[in-house]
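See below for the structure under consideration.
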Amino acid sequence: MHYNIVKKASRPYLEEMYNRAHEMPEIWKCINVLQKTPFKVNTSVLEVAKSVWGKGLTVGKLPSSVKEEVPPKPFDIDTNEEARKAWSKIKRAIFDANETRESKILLTKSIIDIATEFQQHPHVYFPGQYDWRGRYYSVPQFFNVQNNDLARGLILFAKGKPLASDQALARLAIHGANTFGEADKDTLQNRVKWVEDNQQRIIDTANDPHDHYDFWGKCSEPFQFLAFCFEWRDFVKFGETSDFVTNLPCYSDCSNSGLQIFSALLADKRGGEATNLVPSEKPRDVYKEVADETLELLDDRPDCIEKDMWREYGVDRYTTKKVTMCVVYALTKWSGREYIEDHLKENEEDGIENPFSTDRNKKEGVPSSYKATSYLADSVWDALGNVIKKSREAMDWLQEVTKLVSSDNKPIHWTTPTGFIVQMNCPITTPKRINTNMGEKIWRPKLNKYVDDIKKTTIRIETNKINVQKAVNTISSCYVHSLDASVLQRAVCKAYDAGITDFAVIHDSFGVLAPDVDLMNKSLRESFVDIFHNKNLLKNFSEEIQTQVSKDKRNKIPAVPEKGTLDVSQVMHSEYFCS
């Protein structure tokens, strides 16, 4: 089957990519390196997953197979409008929850079924494509290294390597601590110590996973941690020597790559410190910094029941994580409120009661979940502005420039540091109703014959007009994604040239064998410095869009925000930039 190098790309665009291939060698080399990595199924994890799934258990964050029932209609639903509205809200909430559960069930079943089929093959490959921003994606759906924890836990590198050193063993332990989640924000030394302190529990889990659900089944990344338990048990059984051959992908994740990139773009010292672009004894946590700033702002607000309840419930890094993570991706205060509400729902799933009133759990005299999250979202939004002020300047500048281009009905385009050509086209779409034949013919008694079962459906048709607001809202996320794609492309090429052959990557997460982790991290840091140190990419962007803005508006192009004092080359000495 034929796949284009870029998903959903037009033929003129692909021809331009081909004609300019000599200008972007890293683009072609990276995708070829990634998709020629052989993998295999982790049969030990697969057997546990199949057993847990077959029993209908929710261990390891697997979805429940039990559908939630809608409560009976109120007896006076026809005459009591208030009761009818309340029941309708509960019904809608339960329907939405069941729909989400059904999609998770389909995903889980698909992953397990595909893994079961693939376990007979010693080598499994995942072909890849770039999206229009240059981000790399696996083509196969469901079962691949870029999917959820279950899929990643079921995948091993087909070719292993001996650990060969104590440092490689430490990297294996760090990966285990990261996937468990308890020590993943601690120092690297303490993460290794966490594994040493819990070694017996890890071995016991590998020997009998079904008797240790409370240990591995509720951790941060359950099935990836379970895969680590099997690997660590095998290492101990082998005699704990450096000759042990490991096949487990060990991932190093960047500390909020979006904010790291914006901090590097403008050499923002505070943003760089908060996102681990500079060395520190302990890892910095930008999510916690936003949470702490939020609490300080709460203290300054007038007393009210929402303030007291949030203080009692707690505002921590998990409360502000999604909001902070997505601020560079066209986040609005409204979206931030929804993310905070998602946090409350996730806590409910983990057994932590939502103190606020909801459609499914009405509480008299208690603020609604909507009102409470709206209240907190105001403080979180202001806290973000204080912590990542320079990043906001870059986002605002990108939006202003994009508005100038898009208002002339032109798609904006730019070239990434690795030469990838990005064309951001945000057309206005219009709805169109069409007739479709669905399934078999149906019997029409009045006509006394079978006729086609015609259903009407609505599709969206792209027009040749640019959706200015959509372009403005999405430019920040698209630009930063194109840059993290460049970092990945260059890092993979550097690492491959240095001798690493097997990769499992997810945008800002880099998986390699434990003996290769340090070399991968070095290649990644060198690539980040190559791209951002003593460079002014926003100025380059401004110069590139000059011809895209009509002549009478070029004087309106705002000045590029001034850069700060951050020395991006310090990334080379920052252990927690990506760990």
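Count the sequence shown with our numbering and you get residues 6 to 584, in order. Heads up, the beta-carbon is just placed ideally off N, CA and C, and yes, glycines get one too.
V295 places its beta carbon less than 7 Å from that of V392. When the beta-carbon positions are compared, A188 and A182 come within less than 7 Å of each other. Across the structure, S49 and A98 are spaced so that their CA atoms are roughly 38 Å apart. Comparing alpha carbon positions, the residue from A388, P17, N440 closest to K461 is N440. When DSSP assignments are scanned along the segment 39-82, the uninterrupted stretches of alpha helix (DSSP H) that are 4 or more residues long and fall wholly within it turn out to be 48-59.
A straight-line Cα-Cα distance of about 35 Å links S115 and Q265.
The C-alpha of E405 lies about 11 Å from the C-alpha of S412. Between the C-alpha atoms of V200 and S396 there is a straight-line separation of about 37 Å. The segment 317-332 and the segment 288-304 touch, with three or more beta-carbon pairs separated by less than 8 Å. Taking the Cα positions, L19 is about 28 Å away from T506. Take S528, set aside five residues on each side of it, and the residues of its chain with a beta-carbon closer than 7 Å to its own are A496, K499, A500, A503, in chain order.
In the DSSP assignment, Q404 falls within the unbroken alpha helix (DSSP H) covering 394-411. The beta-carbon separation of F582 and L282, rounded to 6 Å, stays under the 8 Å limit for a contact. Annotation for H418: the continuous beta strand (DSSP E) segment containing it runs 417-420. CA-to-CA, the gap between R438 and W237 works out to about 57 Å. Looking at the DSSP output, R438 sits in a beta bridge with T463. Residue range 141-143 is occupied by the beta strand (DSSP E) that includes Y142.
In this structure the segment 531-544 does not lie against the segment 508-523, because fewer than three pairs of beta carbons, one per stretch, are closer than 8 Å. Residues W58, L67, P68, L155 of the same chain have their beta carbon placed closer than 7 Å to that of T113, with the five preceding and five following residues left out of the count. Scanning the segment 290-348 for uninterrupted alpha helix (DSSP H) segments of 4 residues or longer gives 291-304, 310-318, 322-331, listed from N- to C-terminal end. Partner residues in the beta bridge of K454, as assigned by DSSP, are R449. Per the Cβ contact rule, the segment 370-378 is not in contact with the segment 425-439 (fewer than 3 Cβ pairs under 8 Å). By the 16-neighbour rule on beta-carbons within 10 angstroms, N85 is exposed. Taking C-beta atoms under 8 Å as the contact rule, L543 and L270 qualify, at a distance of about 6 Å. In the structure shown, L161 falls within a strand segment according to DSSP collapsed to helix, strand and coil. The C-alpha of E226 is placed about 27 Å away from the C-alpha of E278. By the CB criterion at 7 Å, L161 and K45 fall inside the cutoff. G181: member of the alpha helix (DSSP H) spanning 171-185, first to last residue.
L349 and I464 have their C-alpha atoms spaced approximately 35 Å apart. Inclusion of G516 and Y318 in the CB contact set at 7 Å is not warranted, their separation being larger than that value. By the neighbour-count criterion, in which a residue is buried when 16 or more other Cβ atoms sit within 10 angstroms of its Cβ, N414 is exposed.
When secondary structure is reduced to three states using DSSP, F233 falls in the helix class.
As a beta-bridge residue in DSSP terms, P432 pairs with I471.
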